[in-house]
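Below is one structure, written out as structure tokens; comments come after it.
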């Protein structure tokens, strides 16, 4: 497909989703269709599908040389989208979720908002919720230390919510949270 055709298809797809949502809100459609397309997982899947149609042949990679510096895998997300009280992060590959410091796992289970979910209360007061994880590596009320594997994210996407001093961090502050030196 040519570039122009791809963009037109993406536009038609987007307009149709918005149109269905509007018809549902007006009561014209009785079947709740938007619930099927409004979860974070579905948006990421649609984004990847549309991106695969639009991506050009070349990857845009430039080869460089220099010192290799260890990078926090959480800082290497592809995209960050606000979702409910947190954000949806997408990654190019599965990712083990490691503890950012010492703390206690206060919740492991399933929630409607973020699917398979794990919440950690760190000793520095931060409460971090990881959602849409693939498998848990620790049980609830387990003490953890920096670097311990908490869970494995298998889908390529993850829900993340950070509470600091009892307040949920805004999605615009999360990149700074990732760059902080963990305790």
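Residue numbers (the working numbering): 16 to 198.
Where is the CB? At the ideal position from N, CA and C, for every residue including glycine.
Please read these numbers as outputs of a predicted model, since none were measured by experiment.
Buried/exposed call for residue i, threshold 16 Cβ in 10 Å
i	result
residue 156	exposed
residue 30	exposed
residue 34	exposed
residue 191	exposed
residue 176	buried
residue 150	exposed
residue 135	buried
residue 141	buried
residue 189	buried
residue 23	exposed
residue 187	exposed
residue 110	buried
Spatial distance of residue i from residue j (CA atoms)
i	j	result
residue 36	residue 117	44 Å
residue 123	residue 159	14 Å
residue 129	residue 103	9 Å
residue 161	residue 108	22 Å
residue 147	residue 45	29 Å
residue 126	residue 182	20 Å
residue 85	residue 154	The predicted model places residue 85 with a pLDDT of 49, which falls under 50 and marks its position as unreliable, so this point remains unresolved.
residue 137	residue 43	48 Å
residue 179	residue 139	9 Å
residue 94	residue 21	21 Å
residue 38	residue 152	44 Å
residue 41	residue 32	14 Å
Helix, strand or coil at residue i [DSSP, three-state]
i	result
residue 130	strand
residue 153	coil
residue 104	strand
residue 189	helix
residue 171	coil
residue 184	coil
residue 116	coil
residue 178	strand
residue 162	coil
First and last residue of the uninterrupted alpha helix (DSSP H) at residue i
i	result
residue 40	18-41
Limits of the unbroken beta strand (DSSP E) element including residue i
i	result
residue 110	110-113
residue 97	94-98
residue 44	Counting along the chain, residue 44 falls outside any beta strand (DSSP E), and DSSP gives it neither H nor E.
residue 143	142-146
Expected contact under 8 Å - CB spacing of residue i and residue j to nearest Å
i	j	result
residue 106	residue 171	5 Å
residue 101	residue 144	7 Å
residue 114	residue 165	6 Å
residue 112	residue 168	6 Å
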